[in-house]
Amino acid sequence: MKQIFTFFILFTFSLAYNQALSKKQDYFVQFNGSQLSKKVSVAEVLNHSVLKNYKDGKAYLDINEYANLLKLDQKVTLHGNYSDSIPYYQITIPIKSRNDLKAFLLKKNKENDSHAKATIEDFAQYSLYNSGDKKTTMGWNDNYLVIFGLTKKYSYNDYKPLVVQDTTTTVAVGDPVEVVAEASDAAVVDTTYTDNYYANYQKEQTAFDSIQAIQQNKFIKSLFENGFTAPVSDKVHDGADISSWIDYASAMSGFNSAYKALAQFTTYNKFFPTQKNLGNFVKGINLDFYFDNDNAHVEEIVEYSKPVADIVSSINTRKINKNIFNHFPSQKPLAYMTYHINSKAMLDHFPGLSAEIFSNSFLFKEDISVATDFISTIIDEEATATLFDGDLSMFLYDFTEREITVNTFEYDENYEQKSVEKKIKKSIPLFSVIFTSTHPTFADKLIQLGVRKKVLVPKGNYYEITGSQEYGNLFIFKDKDVIIVGNSIDNVFPKDDSFSKDIKKELKQNYFSAKVNVEKLVQAYNTSKESNASEIKKFNRLTQQFTDVTLYSAKKLVDNKLKFELKLNSAKADKNIILQTLDLVEELGK
């Protein structure tokens with residue numbers, strides 16, 4: 013009976029795999045060798061001493077051996093689907109010679125000491141490779157190699173649930189009745205695994221893998237028998253050296269699948285957001301990489317649905333409170349981040365977005381609207397938004413050594429723990445956090461409350477925060493709509509506005525801007541007691557290579573897409589940044 017049941021399961025799998033694969037792509041990755049090869053030679057990268065030394069330490073890995081078979085100056089792609097009933101992946105690589113690739117695989121197969129050897133078959137239009145474990149299938153012709161795999165996993169449960177029989181007998185109240193236990197011929201159901209669990213599992217797993225391999229071979233045949241066409245996607249960008257795209261709704265299906273495994277343990281799982289709802293907000297996400305001589309940068313592009321894009325645009329578009337610039341530093345700090353959003357617009361749209369996210373078959377939008385209307389009624393969005401208008405800036409000015417008071421614990425002669433105050437010298441960061449609040453009274457009343465509770469101590473035009481001094485003397489300073497929290501009061505009164513002028517230019521186009529000055533940050537660290545001679549040498553070499561790291565995000569959405577750009581700027585431009593980075597790795601490793 014067990015074998016019949018197993019056959020039925022595998023037969024069902026076979027019928028399922030005979031369906032056509034979905035043409036829908038849930039993700040697409042393109043390595044644009046034709047673009048990158050214009051900037052840097054593949055041979056230069058592969059023959060760099062760092063990779064050569066790595067190869068020498070790995071006798072089994074010869075990078076050039078693989079490179080000689082592949083056309084890495086052309087486009088290599090990876091795509092697939094994981095939301096359909098038949099999930100799969102496909103890697104497509106241009107090759108130089110069909111016969112050379114076959115010879116290479118035959119050589120590797122001969123060197124393999126495994127009992128299960130791979131098989132290679134030649135057909136008119138293509139050649140076919142199946143690994144010994146039947147998990148890897150490859151096909152290739154004169155121009156392309158395709159690595160294909162079905163990613164559905166086989167699950168196995170070789171036990172029966174415990175069957176509980178109700179043997180309770182109703183007895184009338186009266187004289188005692190003697191209960192006689194009778195022997196039962198009923199089989200006892202055991203919840204333990206059967207003795208041949210592993211053997212059965214191995215058989216069924218092998219059968220499942222064989223069916224997978226057969227279907228993979230069929231798909232390879234369908235790709236090559238009528239002439240192979242390399243996969244393309246209009247979702248990726250040909251201008252990028254590496255471009256990738258993922259369908260956000262499909263990606264959430266992976267999360268949902270993992271969540272459903274745990275959902276049985278809670279009664280509230282039906283109230284959580286669904287894949288469909290989240291997919292209505294974000295259509296897809298791109299991640300693109302660019303490698304030039306003077307910089308390497310990454311662009312993340314999030315494509316929203318039209319209604320959500322309009323909301324995001326209204327949140328990102330904010331008229332900045334100019335008073336905040338009065339307390340920006342005079343000179344460029346070691347690092348900074350400045351972020352400006354329309355908090356009122358965010359609060360206005362929050363109820364509607366929440367209703368859309370959480371609406372499902374158990375919670376209708378009309379049901380959720382009751383809660384969102386209630387929240388909107390008791391919360392005045394316009395008044396609440398004045399508590400934090402949306403301007404937020406953070407600055408790291410420097411590092412300095414200061415004597416600070418810390419609380420530690422010691423044990424007395426009776427081995428009892430006691431708190432002890434100690435003064436120690438420590439290198440601490442000098443920083444500030446600046447934000448705006450246009451509420452007419454809240455900030456002032458909050459500060460006065462702190463004074464009454466002796467949490468704040470007036471120090472002229474600012475207030476010192478009592479308590480731990482681990483990060484120096486923390487303070488709060490308020491100037492009109494601007495509130496500052498930090499530990500370096502001198503830096504919030506700039507002598508000139510040269511730095512703020514530069515920031516204003518950046519913020520005309522961007523709602524978010526951040527920068528880390530590598531050279532200044534390393535110099536500050538080197539002068540601290542935290543550093544040592546070996547680290548100083550390595551960090552100094554780092555400053556010779558890279559100047560800064562920047563991060564921007566534009567206010568304006570183009571075609572409902574929001575862009576984030578992270579850039580690593582190089583101090584040199586004599587060679588591609590990939591080679592520069594390999595040079596740096598080599599020197600730091602000495």
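Our numbering numbers the first residue of the sequence shown as 13 and each following residue consecutively. Every residue gets a Cβ at the ideal spot worked out from N, C-alpha and C, and that includes glycine.
Notebook entry, point to check: In chain order, what residues of the same chain have a beta carbon less than 6 Å from the beta carbon of residue 347, not counting five sequence neighbours either side?
Noted result: Taking the first residue of the sequence shown as 1, we reach residue 347 at position 335. Within the same chain, residue 347 has close Cβ partners 408, 528.
Check: When the Cα of residue 43 is compared with those of 482, 58, 592, 88, which residue comes out closest?
Finding: Stepping through the sequence shown from its first residue, residue 43 is reached at position 31. It is 88 whose Cα lies nearest to the Cα of residue 43.
Next item on the list: Compare the beta carbon distance of residue 214 and residue 160 with 7 Å and say whether it is the shorter of the two.
Entry: Reading the sequence shown from its first residue, position 202 is the one you call residue 214. Reading the sequence shown from its first residue, position 148 is the one you call residue 160. The answer is no: Cβ separation not under 7 Å.
Check: From which residue to which residue does the alpha helix (DSSP H) around residue 79 run?
Finding: As a working mapping, residue 79 is identified with position 67 in the sequence shown. 75-79 is the span of the alpha helix (DSSP H), which, as asked, contains residue 79.
Next item on the list: Assign residue 315 to buried or exposed, taking buried as 16 or more other Cβ atoms, counted over all protein chains shown, within 10 Å of its Cβ.
Entry: Against the sequence shown, residue 315 aligns to sequence position 303. Result: buried.
Note to self: Tell me the DSSP secondary structure of residue 110 in three-state form.
What the structure shows: The residue labelled residue 110 in the question sits at position 98 within the sequence shown. Residue state, collapsed to three classes: helix.
Notebook entry, point to check: Excluding five sequence neighbours on each side, which residues of the same chain lie with their C-beta closer than 7 Å to the C-beta of residue 402?
Noted result: If you number the sequence shown from 1, residue 402 lands on position 390. 330, 352, 353, 354, 355, listed in sequence order.
Checklist line | Nearest neighbour of residue 107, chosen from 344, 122, 84 [CA to CA] | finding: Within the sequence shown, the letter at position 95 stands for residue 107. The candidate whose alpha carbon is nearest that of residue 107 is 84.
Margin query: Within a Cβ cutoff of 8 Å, which residues of the same chain sit near residue 124, ignoring the five residues on either side of it in sequence?
Written below: For the purposes of this step, residue 124 is taken as residue 112 along the sequence shown, with counting starting at 1. The answer, listed in chain order, is 130, 144.
Check: Helix, strand or coil: how does DSSP classify residue 352 here?
Finding: Here residue 352 refers to the residue found at position 340 of the sequence shown. Residue state, collapsed to three classes: strand.
Note to self: So residue 489 and residue 504 are supposed to be a Cβ contact under 8 Å. How far apart are they, rounded?
What the structure shows: The sequence position of residue 489 within the sequence shown is 477, counting from 1. The sequence position of residue 504 within the sequence shown is 492, counting from 1. Indeed, because the Cβ distance is near 6 Å, the residues count as touching under 8 Å.
Check: From residue 337 to residue 397, what distance separates their C-alpha atoms?
Finding: Taking the first residue of the sequence shown as 1, we reach residue 337 at position 325. Taking the first residue of the sequence shown as 1, we reach residue 397 at position 385. Roughly 20 Å separates the two Cα atoms.
Item checked: residue 429 - containing beta strand (DSSP E), residue span -> For the purposes of this step, residue 429 is identified with residue 417 of the sequence shown, where counting begins at 1. Element bounds for residue 429: 429-448.
Item checked: When 359, 39, 321 are compared against residue 569, the one with the closest alpha-carbon -> Here the question's residue 569 lines up with position 557 in the sequence shown. Nearest option by C-alpha distance: 321.
Next item on the list: May I have a chain-ordered list of the alpha helix (DSSP H) segments no shorter than 4 residues that lie completely inside the stretch 29-61?
Entry: 45-48, 54-58
Next item on the list: With DSSP as the reference, label residue 159 as helix, strand or coil.
Entry: Against the sequence shown, residue 159 aligns to sequence position 147. Strand.
Next item on the list: Quick one: using the 10 Å Cβ neighbour count with 16 as the cut-off for buried, is residue 256 buried or exposed?
Entry: Counting from one through the sequence shown, the residue named residue 256 turns up at place 244. Buried, because 16 or more other Cβ atoms sit within 10 Å of the Cβ of residue 256.
Note to self: At 3 residues or longer, what runs of the beta strand (DSSP E) sit wholly inside the stretch 474-556?
What the structure shows: 474-477, 487-491, 494-498, 522-529
Next item on the list: Indicate whether the contact test is met: 3 or more Cβ pairs, each with one atom in the stretch 304-311 and one in the stretch 491-509, closer than 8 Å.
Entry: no
Note to self: Here's a check: name, in chain order, each residue in its chain whose Cβ is nearer than 7 Å to the Cβ of residue 451, leaving out the five neighbours to either side.
What the structure shows: Position 439 of the sequence shown, counted from the first residue, corresponds to residue 451. Contacts found: 398, 399.
Notebook entry, point to check: If you draw a straight line from the alpha carbon of residue 600 to that of residue 249, how long is it in whole angstroms?
Noted result: Residue numbering aside, residue 600 sits at position 588 when the sequence shown is read from its first letter. Residue numbering aside, residue 249 sits at position 237 when the sequence shown is read from its first letter. Going from the Cα of residue 600 to the Cα of residue 249 covers about 34 Å.
Check: In whole angstroms, what is the alpha-carbon distance linking residue 595 and residue 588?
Finding: To locate residue 595, count along the sequence shown from 1; it is residue 583. To locate residue 588, count along the sequence shown from 1; it is residue 576. Between residue 595 and residue 588, the C-alpha separation is close to 11 Å.
Next item on the list: Rank 300, 62, 324 by C-alpha distance to the C-alpha of residue 258 and give the top, closest one.
Entry: On the sequence shown, position 246 is the one that residue 258 refers to. Nearest of 300, 62, 324 to residue 258, Cα basis: 300.
Check: What do you reckon, are the CB atoms on residue 558 and residue 582 nearer than 7 Å?
Finding: To locate residue 558, count along the sequence shown from 1; it is residue 546. To locate residue 582, count along the sequence shown from 1; it is residue 570. In contact: residue 558 and residue 582 (Cβ atoms closer than 7 Å).
Margin query: Strictly by DSSP, which residues pair up with residue 314?
Written below: For the purposes of this step, residue 314 is taken as residue 302 along the sequence shown, with counting starting at 1. Residue 314 pairs with 297, 574.
Next item on the list: Can you have a look at residue 78 and say buried or exposed, based on whether 16 or more other CB atoms are within 10 angstroms of its CB?
Entry: On the sequence shown, position 66 is the one that residue 78 refers to. Counting Cβ neighbours within 10 Å, residue 78 comes out exposed, since fewer than 16 surround it.
Note to self: Excluding the 5 residues flanking residue 253 on each side, which residues of the same chain have their C-beta closer than 6 Å to its C-beta?
What the structure shows: Reading the sequence shown from its first residue, position 241 is the one you call residue 253. Closer than 6 Å at the Cβ level, and outside the excluded window around residue 253, lie 44, 47, 48, 301, 302, 303.
Check: Going by alpha carbons, who is nearest to residue 298 out of 247, 262, 263, 326?
Finding: As a first step, residue 298 must be located in the sequence shown, where it is residue number 286. Considering only alpha carbons, the answer is 247.
Next item on the list: Identify, in the order they occur along the chain, each residue of the same chain with its Cβ nearer than 8 Å to the Cβ of residue 187, setting aside the five sequence neighbours on each side.
Entry: In the sequence shown, residue 187 corresponds to position 175, counting from 1. Summary for residue 187: the model assigns pLDDT 48, below 50, so the residue's position carries little reliability; its value from the coordinates is reported in the next sentence. Excluding residues within five positions, none has a Cβ falling inside 8 Å.
Notebook entry, point to check: In this structure, what does DSSP give as the bridge partners for residue 139?
Noted result: Here residue 139 is taken as the residue at index 127 of the sequence shown, counted from 1. Residue 139 pairs with 134, 152.
Notebook entry, point to check: Under the three-state reduction of DSSP, which class applies to residue 212: helix, strand or coil?
Noted result: For the purposes of this step, residue 212 is taken as residue 200 along the sequence shown, with counting starting at 1. Three-state DSSP puts residue 212 in a helix.
Check: Count the other CB atoms within 10 Å of the CB of residue 236; is the residue buried (16 or more) or exposed (fewer)?
Finding: Along the sequence shown, read from residue 1 onward, the residue named residue 236 stands at position 224. Answer is buried; the Cβ neighbour count reaches 16.
Check: Near residue 349, what residues of its chain come up, given a Cβ to Cβ distance below 6 Å and the 5 sequence neighbours on each side ignored?
Finding: Translated into positions along the sequence shown, residue 349 becomes position 337. Excluding sequence neighbours, residue 349 sits near 406, 526.
Checklist line | Where residue 479 falls, given that 16 or more other Cβ within 10 Å makes a residue buried | finding: Position 467 of the sequence shown, counted from the start, is the residue given in the question as residue 479. With fewer than 16 Cβ atoms within 10 Å of its Cβ, residue 479 is classed as exposed.
Item checked: Contact check, residue 82 vs residue 105, beta carbons under 7 Å -> The residue you call residue 82 lines up with position 70 of the sequence shown. The residue you call residue 105 lines up with position 93 of the sequence shown. In this structure, residue 105 lies closer than 7 Å to residue 82 by Cβ.
Check: So the beta strand (DSSP E) residue 422 belongs to, where does it begin and stop?
Finding: Looking up residue 422 in the sequence shown gives position 410. It spans 403-423 - the beta strand (DSSP E) in which residue 422 sits, taken as one unbroken run.
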